[in-house]
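Peer 1: Sequence lines, in order, name chains A and B. For the first sequence, the numbering used here assigns the number 51 to the initial residue and increments by one for each residue that follows. For the second sequence, the numbering used here assigns the number 8 to the initial residue and increments by one for each residue that follows. By construction, the Cβ of each residue, glycine as well, lies at the ideal position given by its N, Cα and C atoms.
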Amino acid sequence: MAAAAETTLIRSRRRRRFWNRTLQASIPYGLIVPVLVVIGVILGYPLYWLVKLSTQRYGLFELIRHQGVSVGLDNYRSVLHDQIFWHTLLRTVVFTVVNVSLTMVAGMAIALLLVRVSAVVRVLVTSGLVLVWSMPVVVAVQIFYWMTNFQNGIVNYVLTQLRIGDFFQHDWYATTFSQLSLVTVLIVWGALPFVVITLYAGLAQVPHDLVEAAEVDGARPWRVFRDITLPILRPILLILTSLSIIWDFGVFTQPFLLIGPSKITSGNYLMSVYLFEEGYFKSDFGRGATISILMLLMVAALSVAYVRKMVRIGDEP
Amino acid sequence: MAATSGAATTKTTASSITVWLQVDAQSGWPDLVAAANQQFQSDHPGTTVNVQYQNWGDHLQKFDATLAGGGGPDVIEMGNTEMTKYMAAGAFAPLDRSSFDNSATWLKGLAASGAFGGKTYGVPYYAGSRVVTYRTDLFKKAGINKLPATTAEYTADSKKLLAKNSQKGFSPLYIAGTDWYVAMGFVFDYGGGIATQVSGKWKGLLSSKKSIAGLTAYKSFYLANSRASKTTDETHPNPYDVYAQGQAASMIGPSWFTCCVGKKYTASTAQFVMPGHVKGQAIPGFLGGSDLAVPVTSGNKSLASDWIKDFTSTASEKGLQAKGNIPNATNLLGTSVNERAAARSWFVPTAKHWVDVENGNILRNMLAQILTGKLTIQQAASSASDNIASVLNQP
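Now the structure itself:
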């Protein structure tokens, strides 16, 4: 009897412990439920519709009736068989590599410069950068457009006055290369403040005595930069590069507005512009959704490095 | 579907209707809009008219968004080249043609742009042709006593103008390089065309012999007369801005260009009909125009139709005519330079997908290639022609 009572007691204790443990283990999950719900509504629901849209024929006709026609993977097949898609992808990849490289190299150079210059110059440069940062993109595009204007742009005037050549009525929008080069200047100019200020903050973490010791040992500045500064900045550089790739790959406002809707052709598309033209101008929303999902997958693949790094930084004590 | 049928019951209680007009009305004839609103409100006391001005560049994207999400206009102004795609998709409600003023004599081209499958979806609003606006003082100073009667004479006069105006960048006749409205005028003047339907299929015409002759003539005319960018369109910059800065002796464009030539040149500005290559014949001009339509999503279709009646009344159309536009009906036509220029006109292919050709900048791109010499005329025209055919033949 006593033994039986004891086993029941032990059992009930065990059971209670089991429930306690389960409860304790589930608390963290319970705590993230609200967040999951919010993310699910804000991201998941539109994403669901995007995927659904990409499997439908959804043009103007369907838009008015609020009813698409399911076509399976036809949209994917048609986009992936579209030569313009592949040309645009290649152009966008090259464009991204050039933009990110220029942004990172120029950003690093200016950040290093900031460490060396006097306090007054540092304040001036930093204020300049912050001003660039605070300018809305659309305004910046309009000003760039005025400056590079064919008829009476200041750039042509100054270049001619400096006797660099006869730039009277030079057409900066005549070739795709020239168009995308202007877009690159605009993007790099706009991206520098964030990169410079972040890198400058990172440079403050480089221990001074370490640099001094290396110099005493006879290391040249380039060596110091390569073997001390760079390794310390690595996490920051990785994050900045990843973010720049994500931003530049999907850039829309600058190319679309600077090149101008009347000069956008399949010969100068970047991915986002291609998406916009196919989806909105041609009112082929199903195909537009397909392109946007393909872009999403590519950006997601590119972001893996960034996310992994972020997770690792989070794990560090 | 339910939304459209249920909406009909709300028409009598509506307290306001929304009208989307292009900014042209805002800058050119706001008084006519106000007059139409007043007339409408005296017929429908308590109903207000909310006029929202739109830009040509993005009004279709905005319209698409309202078709999907609601909150769209009850009346929308559509360019006549934009109508077909939307009528084919069933975006507009059919209208009772006979209820509008002068509907029996509506301009044929304009009425056709608003008709689909035997029904009327668009009410002609106004049309516009393209004329030459020029500086009388500069023409006089250059010794030009008679206005050019052919394109060849124009080029000869340009040499005289250039001799008297040697500043760099000065255009005897400013034409933006990719202004396809002007360029296609040359194509049609030489008997060419853009595309035609052969047994149900669209066939590109730009690479035909006659079209090539027109494009060749355009290129040499452009090079002799205009110092505009070879790759820019007719709104970057606006030709009248170039003219107002004294950098052009003349320009081609809608007749309302006189609005913006600047105070300095207002007195010395006049207009004439752009000649073609054959003496006595005007160059065929693009007959641009606007229609007014009622979207199927409107909850106030009969009020919307009433407002269109007021805005396209004989009085209103005469007002538009006084502002330099072509009224919507032949019985109202006068003898202004604008109306004479409309005597020879051309229009874009009336295909569902034509608007994709415009938005894809196929013609502009071809013109830029031709003028910059990136491709030969034959190469550029052939590729554009194939391109256009494939866009128009989409299902």
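Which same chain residues, not among the five before or five after Val-355/B, have their C-beta less than 6 Å away from its C-beta?
Peer 2: Excluding positions up to five away in sequence, the list reads Thr-88, Trp-361.
Peer 1: State the start and end residues of the unbroken beta strand (DSSP E) segment that holds Val-138/B.
Peer 2: Val-138/B -> beta strand (DSSP E) spans 137-142.
Peer 1: Once DSSP output is grouped into helix, strand and coil, what is the label at Lys-332/A?
Peer 2: Note: Lys-332/A maps to coil in three-state DSSP.
Peer 1: I'd like to know if Asn-404/B contacts chain A, where contact means its C-beta is closer than 8 Å to some C-beta of that chain.
Peer 2: This structure does not reach residue 404/B, given that chain B is present from 8 up to 402, and the question cannot be answered.
Peer 1: Determine the burial state of Pro-257/A: buried for a count of at least 16 other Cβ atoms within 10 Å of its Cβ, exposed for fewer.
Peer 2: Answer is exposed; the Cβ neighbour count stays below 16.
Peer 1: Can you find a CB in chain B that lies within less than 8 Å of the CB of Asp-259/A?
Peer 2: It does not; no Cβ of chain B falls within 8 Å.
Peer 1: CB-CB under 6 Å to Ser-12/B, same chain, minus the five flanking residues each way: which ones, in chain order?
Peer 2: For Ser-12/B, the pLDDT reaches just 39, beneath the cut-off of 50, and the residue's location in the model is therefore unreliable, leaving the point undetermined.
Peer 1: Report yes or no: is there a C-beta of chain B within less than 8 Å of the C-beta of Ser-312/A?
Peer 2: Chain B contact via Cβ: present.
Peer 1: Kindly examine the ligand FMN and report whether one of its heavy atoms sits closer than 7 Å to the Cβ of Ser-231/A.
Peer 2: Although the ligand FMN was asked about, the structure shown includes no ligands whatsoever.
Peer 1: Within 10 angstroms of the Cβ of Ala-111/B, are there 16 or more other Cβ atoms? Answer buried if so, exposed if not.
Peer 2: That one is exposed.
Peer 1: Does Ile-15/A get closer than 8 Å to chain B when you measure Cβ to Cβ?
Peer 2: With chain A running from 51 to 367 in the structure shown, residue 15/A is simply not present.
Peer 1: Report the CB separation of Val-187/A from Gln-304/A in whole angstroms; it is logged as a contact under 8 Å.
Peer 2: With a Cβ gap of about 7 Å, Val-187/A and Gln-304/A count as contacting.
Peer 1: What's the gap between the Cα of Gln-201/A and the Cα of Tyr-181/B?
Peer 2: Going from the Cα of Gln-201/A to the Cα of Tyr-181/B covers about 12 Å.
Peer 1: Helix, strand or coil: how does DSSP classify Glu-262/A here?
Peer 2: Residue state, collapsed to three classes: helix.
Peer 1: Could you tell me the distance, in whole angstroms, from the CA atom of Lys-18/B to the CA atom of Phe-244/A?
Peer 2: Any reading at Lys-18/B needs caution, since the residue's pLDDT is 42, under 50, leaving its predicted position unreliable; the model's value is listed next. Answer to the nearest angstrom: the Cα atoms are 54 Å apart.
Peer 1: Could you compute how far the alpha carbon of Lys-308/B sits from the alpha carbon of Phe-306/A?
Peer 2: Cα to Cα, the separation comes out at about 37 Å.
Peer 1: Looking at chain B, is there any beta carbon in it that lies within less than 8 Å of the beta carbon of Leu-110/A?
Peer 2: Yes, Leu-110/A lies at the interface with chain B (some Cβ there is under 8 Å from its Cβ).
Peer 1: Taking Tyr-356/A as the query, report the chain B residues whose CB atoms sit under 8 Å from its CB, ordered along the chain.
Peer 2: Correct list: empty, because the minimum Cβ distance to chain B is about 32 Å.
Peer 1: Tell me whether the beta-carbon of Thr-127/B lies closer than 8 Å to the beta-carbon of Asp-81/B.
Peer 2: No.
Peer 1: Give the interface partners of Lys-237/B over in chain A, defined as CB-CB distance under 8 Å, in chain order.
Peer 2: Those within 8 Å of Lys-237/B in chain A are Asp-221, Ala-224.
Peer 1: Would you kindly work out how many angstroms separate the C-alpha atoms of Asp-186/B and Glu-241/B, rounded to a whole number?
Peer 2: Distance between the alpha carbons of Asp-186/B and Glu-241/B is about 6 Å.
Peer 1: Compute the distance between the beta-carbons of Ala-149/B and Lys-171/B, then report whether it is under 8 Å.
Peer 2: Going by C-beta atoms, Ala-149/B is nearer than 8 Å to Lys-171/B.
Peer 1: Could you name the residues of the same chain whose beta carbon sits closer than 8 Å to that of Ile-341/A, not counting the 5 residues immediately before and after it, in chain order?
Peer 2: Around Ile-341/A: Val-129, Phe-135, Met-321, Tyr-324, Leu-325, Glu-328, Gly-329.
Peer 1: Counting only runs of 4+ residues fully inside the stretch 325-353 of chain B, write out the alpha helix (DSSP H) ranges in chain order.
Peer 2: List check, alpha helix (DSSP H) in window: 344-348.
Peer 1: Using the rule of at least 16 other Cβ atoms within 10 Å of the residue's Cβ for burial, across every protein chain shown, is Thr-105/A buried or exposed?
Peer 2: Flag for Thr-105/A reads buried.
Peer 1: Would you call the stretch 137-146 of chain A and the stretch 273-289 of chain A touching, i.e. three or more CB-CB distances under 8 Å?
Peer 2: Not touching, per the Cβ criterion.
Peer 1: Taking DSSP's pairing of strands, which residues face Ser-403/B in a bridge?
Peer 2: Here chain B covers residues 8 to 402 and nothing more, so residue 403/B does not appear.
Peer 1: For Val-139/B and His-220/A, I'd like the C-alpha separation in whole angstroms.
Peer 2: Rounded to whole angstroms, Val-139/B to His-220/A spans 27 Å at the Cα level.
Peer 1: Which residues in chain A have a C-beta closer than 7 Å to the C-beta of Val-58/B? List them in chain order.
Peer 2: Those within 7 Å of Val-58/B in chain A number zero; the least Cβ separation is about 24 Å.
Peer 1: Can you grab the Cα-Cα spacing for the pair Ser-177/A / Met-185/A, in whole Å?
Peer 2: Roughly 13 Å between the two C-alpha positions.
Peer 1: Do Tyr-141/B and Ala-407/B come within 8 Å of each other at the CB atom, strictly closer than that value?
Peer 2: Only positions 8 to 402 of chain B appear in the structure, and residue 407/B is not among them; the question remains open.
Peer 1: Based on the DSSP output, what are the partners of Glu-84/B in its beta bridges?
Peer 2: BP columns for Glu-84/B point to Leu-299/B.
Peer 1: Between Asn-394/B, Gly-35/B, Gln-45/B, Lys-167/B, which lies nearest to Ile-315/B when the distance is taken from Cα to Cα?
Peer 2: Of Asn-394/B, Gly-35/B, Gln-45/B, Lys-167/B, the residue nearest in Cα terms is Gln-45/B.
Peer 1: What's the call for Thr-273/B, buried or exposed, on a 16-neighbour Cβ count within 10 Å?
Peer 2: Classification for Thr-273/B: exposed.
Peer 1: Where does Pro-285/A sit, in a helix, a strand or coil, going by DSSP?
Peer 2: In this structure, Pro-285/A counts as helix in the three-state DSSP scheme.
Peer 1: Give the interface partners of Tyr-324/A over in chain B, defined as CB-CB distance under 7 Å, in chain order.
Peer 2: Chain B residues near Tyr-324/A: none, gap ~12 Å exceeds 7 Å.
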